[in-house]
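Below: one structure, written as structure tokens.
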Amino acid sequence: MTLQDTPVDRISAPADRRTPPSRDTAVDAARAACLVIVVALHAMMAGVGGTAAAPVLENAMERWPGFAPITWVVQVMPLFFVLGGFSAFTQWTRLRRRGGTPAAYVASRVRRLLPPALGAIAATAILLVALRASGVPEAVVGEAGFRLGQPLWFLGVYLLCTGLVPVMAAAHRRSPLLVLGALAAAAMAVDVARLATGVEVIGFANLLFVWLLAQQLGFLLADGTMDRLRPEAIRRIGAGALAAALVLCACGLAPFDLFAALNPPSVVLAVLGLAQLCAFALVRPLLRRVAGGRAAARAIAAINRRAMTIYSWHMLVLILLAGILLVSGTTLPDPLAAAWWGSRPLWLAAVAVGVIAVARAAGLLAAAAAVLLILVAGREPLVWAVAAGVMAVVLRAGPGSKRALSERHPTGLLSLAPRVSCNHMTGAATAKQLAGEKDSITTR
């Protein structure tokens, strides 16, 4: 069966309405794994060395020759957008069937995505002010601010792609291959124009085209297209995509370091996303079995429930831990030295503990940061407005809010993100089996 033979507009058959709704645990497991990889990778990039008097703070991986090949495994941002496209398509489809509007869909996504980021931004502002006030060199504070701000590109682009989901989903239903081809052509044209002219700013147009293309690939997963393809066909498509990505790099149209390809985004990332989509489709049954274990299900649910909090706050944890090391009075090994590599397991463990602790108490930390912001810079009226806004966000996302209740009771009417119909799950799962698994596979 080819993509052209796939009836992509048939999201569900009448029989699907008799089947209890549920999450695809493979998607949840993959998203949790991607987030863990991102945090671990950023932790490895944190090159902290020297002493408090002569600190070293750099991206250690930029100087490591072995990093570029590894990026072909750990560059998971395309898969993030592919899986985000899966969730967005199913959520919007379900909401549309119930009479929801595009505005209601976008508003629900913004309410979910922004609060953790706003709290992290407020806490970051306090940290940078405190660093300057404590006498940390301006260059180090500037580098910390730059590193802390880098992950925010994802939030901005993800919000933009989310806002376009109703339009892109409608286009996908009419002509999926035409939409994919048009986005791919636009992304390639941007890359060619950037390289031909030497004007790097042209490449930032691919913040739209590349990531919309990756999101659109997720629609193929959501509408059942990938499920209807034979494994042999999926393997051929995935191998072809990977070969095409290598050709793009070999021809100089994209850097071989796939993290360098992020800034500005290159079409090679979307091609990699297609290869990752095929790999995910092939291991999907295995991921479901892994996610079916009680311990794995709890861990996956916990990570996904706090995904944006973890993403928004993990860089702050890294900078705080780096600061603690620098003021500890010990001389730290130079990044990439043998002693530095030897200390990485302990460093990663400390980061994991810190991220888990902050993810569980992000609201409290954001509120404390807002109060400290007033104490440090309360002479400025804008500071009070910002602090009040942070407090409002914390209260809205607190234990008694609708958002929190929907997290604890995902089957209730308060859930903002409709669940995925189980027609996207392979195998003959019975209603009784699904009902028995609802605790592990029904999350937002």
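Residues are numbered in my numbering as their position in the sequence shown, beginning at 1, plus a constant of 716. Beta carbons: idealized from backbone N, C-alpha and C, even for Gly.
With a floor of 3 residues, list each beta strand (DSSP E) that falls wholly inside the region 772 to 829, ordered by position along the chain. none
Give every residue of the same chain whose Cβ lies closer than 6 Å to the Cβ of A745, excluding the five residues on either side of it in the sequence, and list them in chain order. L1003, A1007 and I1016
Let me know if F1171 comes out buried or exposed under the rule of 16 or more other beta-carbons within 10 Å of its beta-carbon. Because the chain is modelled from 717 through 1160, residue 1171 falls outside the range shown and cannot be assessed.
Assign S982 to one of two classes, buried (16 or more other C-beta atoms within 10 Å of its C-beta) or exposed (fewer than that). buried
Start and end residues, alpha helix (DSSP H) containing A961: P947 to A966
Taking the runs of the alpha helix (DSSP H) that are 4 residues or longer, which of them lie wholly in the region 996 to 1051? 1010 to 1021 and 1023 to 1043
Element boundaries [beta strand (DSSP E), containing A885]: Where A885 is concerned, there is no enclosing beta strand (DSSP E), although the alpha helix (DSSP H) it sits in stretches over V881 to R890.
Who are the Cβ neighbours of E774 in its own chain at under 7 Å, not counting the five residues just before and after it? G763 and P1051
Using DSSP with H/G/I as helix, E/B as strand and the rest coil, what is L978? strand
Below 8 Å CB to CB, which residues in the same chain sit around A1012 once its five sequence neighbours on both sides are set aside? A745 and V1006
According to DSSP, simplified to helix, strand and coil, what is V852? coil
Rounded to whole angstroms, what is the Cα-Cα separation between Q931 and G989? 9 Å
Sufficient close CB pairs (3 or more, under 8 Å) joining the region 942 to 957 to the region 883 to 901: no
How should P831 be labelled, buried or exposed, when 16 other C-beta atoms within 10 angstroms of its C-beta is the threshold for buried? buried
Report buried or exposed for N922, applying the criterion of at least 16 other Cβ atoms within 10 angstroms of its Cβ. buried
Give me, in chain order, the residues of the same chain whose beta-carbon lies closer than 7 Å to that of T840; leave out the 5 immediate sequence neighbours on both sides. L864 and L1032
Does the Cβ of L1025 have 16 or more other Cβ atoms within 10 Å, making it buried, or fewer, making it exposed? Checking the displayed sequence, the identity of residue 1025 turns out to be Thr instead of Leu. With 16 or more Cβ atoms within 10 Å of its Cβ, T1025 is classed as buried.
Output the boundary residues of the beta strand (DSSP E) element that contains G766. A762 to G766
Using only the alpha-carbon positions, how far apart do L928 and C877 sit? 6 Å
Buried or exposed (CB count within 10 angstroms, at least 16 for buried), T806: buried
Alpha-carbon spacing of A1054 relative to A970, whole angstroms: 32 Å
Determine the extent of the alpha helix (DSSP H) in which A930 is found, giving its start and end residues. N922 to A938
Alpha helix (DSSP H) containing D973: first to last residue? No alpha helix (DSSP H) holds D973; DSSP gives it neither H nor E.
Alpha carbon to alpha carbon, how far is V754 from V790? 8 Å
Please list, in chain order, all residues of the same chain as V856 whose beta carbon is under 7 Å from its beta carbon, the five residues on each side excluded. P771 and L773
Span of the alpha helix (DSSP H) holding V1069? R1060 to R1076
Just mark N1020 as buried or exposed, buried being the case when its beta carbon has 16 or more other beta carbons within 10 Å. buried
Mapping DSSP to helix, strand and coil, what is G914? coil
Just to check my reading of the structure: G879 and V822 have Cβ atoms closer than 8 Å, yes? What is that Cβ distance to the nearest angstrom? 5 Å
C-alpha distance - V963 paired with A986, whole-angstrom precision: 14 Å
Local Cβ density within 10 Å of T787, reported as buried at 16 or more and exposed below that: buried
Over what stretch of residues does the alpha helix (DSSP H) that includes D943 continue unbroken? T941 to R944
Around the Cβ of C965, are there at least 16 other Cβ atoms within 10 angstroms (buried) or fewer (exposed)? buried
Can the beta-carbon of F796 be found closer than 7 Å to that of L937? no
Nearest to L875 (by Cα), restricted to the options R825, T941 and A1075: R825
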